[in-house]
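Colleague:
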Amino acid sequence: MFPETILHSRRLVLRAFDTGDIQDTRASCSDSLTQRWLPLPQPYTLDDATAWCTSTARAMRDSGDGIQFAITDAGTKRLMGQVGLKKTDWRALVSEVGYWVSPWARGHGIAVEATRTLAHWLLTDQHFQRMELRAATENTASQAVALKAGFHREGTLRNAGLAHGTRVDLVLFSLVPGDLGSTTDPTSRSPA
Numbered sequence: 001m002f003p004e005t006i007l008h009s010r011r012l013v014l015r016a017f018d019t020g021d022i023q024d025t026r027a028s029c030s031d032s033l034t035q036r037w038l039p040l041p042q043p044y045t046l047d048d049a050t051a052w053c054t055s056t057a058r059a060m061r062d063s064g065d066g067i068q069f070a071i072t073d074a075g076t077k078r079l080m081g082q083v084g085l086k087k088t089d090w091r092a093l094v095s096e097v098g099y100w101v102s103p104w105a106r107g108h109g110i111a112v113e114a115t116r117t118l119a120h121w122l123l124t125d126q127h128f129q130r131m132e133l134r135a136a137t138e139n140t141a142s143q144a145v146a147l148k149a150g151f152h153r154e155g156t157l158r159n160a161g162l163a164h165g166t167r168v169d170l171v172l173f174s175l176v177p178g179d180l181g182s183t184t185d186p187t188s189r190s191p192a
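The opening residue of the sequence shown carries number 1 in the numbering used here; numbering runs sequentially from there.
Quick look at the structure:
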């Protein structure tokens, strides 16, 4: 499993979810744009948010599937979204990134900054060889995040996704250690 850690970028702190995130998680995951692209319960209830913040996110790390971070504003500490790893293949050292951004934080590069921070940690500190990102072909905002975060578009996975019972095509993006180049480490880490 991934070690518990806290990641810092210029504007953000990526940390484990806690009970203080429940209300903002419920509001974020109830949002129609978030609901459109993610396989979340409809409606997204306070019980759903409580489970995510107190047990589900932690269980994903404990199982070895990945690790989930609350994206928080470094100054105000308010929840701005979520970024995390899932479907981790420990033998191949490959993991898939996913994210959502709270409605009040959209349009400020939060997803790009959080994804870059997580990618640098995964591909350098954790010595992984590949980070993947999948976005529905109609989810142009998520595709833009992938490109701005430095991912390379690899192609379309036909009929590979499911969005609320409907099959969708997914665009596959990847980032490998060599893609990081000589960029400056956007993160600092501290033990959780």
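For glycine and all other residues, C-beta sits at the position ideal for the given N, C-alpha and C.
With a 10 Å radius around its C-beta and 16 neighbouring C-beta atoms as the bar for buried, classify arginine 10 as buried or exposed.
Modeller: exposed
Colleague: Judging by CA-CA distance, which residue of Thr56, Leu157, Ala144 is the nearest neighbour of aspartate 18?
Modeller: Thr56
Colleague: For phenylalanine 2 versus leucine 85, is the C-beta distance shorter than 9 Å?
Modeller: yes
Colleague: If we count the other Cβ atoms within 10 Å of its Cβ and call it buried at 16 or more, is arginine 91 buried or exposed?
Modeller: exposed
Colleague: Would glutamine 82 be called buried (16 or more neighbouring beta carbons within 10 Å of its own) or exposed?
Modeller: buried
Colleague: Looking only at DSSP bridge pairs, what is glycine 81 linked to?
Modeller: For glycine 81, which the question treats as bridged, DSSP gives the partners Ile71, Val101.
Colleague: Would you say histidine 152 and leucine 175 are within 9 Å of each other, going by their C-beta atoms?
Modeller: yes
Colleague: For glycine 178, which three-state DSSP category applies?
Modeller: helix
Colleague: In the DSSP assignment, what are the bridge partners of aspartate 89?
Modeller: Val94
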